[in-house]
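Going by our numbering, the letters in the sequence shown line up with residues 1 to 93, in that order. By construction, the Cβ of each residue, glycine as well, lies at the ideal position given by its N, Cα and C atoms. Down below is the structure, laid out as structure tokens.
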Amino acid sequence: MGDAREHTATTLDGNALAGLLGDVFAVDVTMIVTECRGCGRSEPLAEAIVERDASCAIVRCRGCTRTQFTVFDEREGIRIDLGSIGLLRLDRP
């Protein structure tokens with residue numbers, strides 16, 4: 001039989017990714033603009049919906065709730081699975 005442990009996640013906004021992605025990108029990651037392949041919505045990462053637990057953060061489009069990408073916090077390091085994200089863009093000041 002399968003593992004019966006309860007799995008809970010907290011729903012946050014994109015600001016929850018600052019620590020995780022700050023190690024990967026040497027910029028304010030909350031200002032990175034994402035574009036959803038599902039609905040075409042573009043928004044700063046700070047406005048995305050994030051479901052976070054101890055092992056990963058699932059980033060969802062606020063427009064259609066599709067998973068854009070998932071950030072895994074593993075013992076070996078950070079791994080990013082690019083799901084339905086169309087692009088990541090950081091505008092120059």
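- Here the alpha carbons of Arg37 and Gly63 stand approximately 11 angstroms from one another.
- For Ala16, the closest of Pro44, Asp91, Arg66 and Leu90 by C-alpha to C-alpha distance is Pro44.
- Following the DSSP letters along the chain, one finds Gly22 inside the alpha helix (DSSP H) bounded by residues Ala18 to Gly22.
- Bounds of the beta strand (DSSP E) holding Leu82 are Gly77 to Leu82.
- Here Phe25 is exposed. Its C-beta has fewer than 16 other C-beta atoms within 10 Å.
- Annotation for Asp53: no beta strand (DSSP E) segment contains it, and DSSP assigns it neither H nor E.
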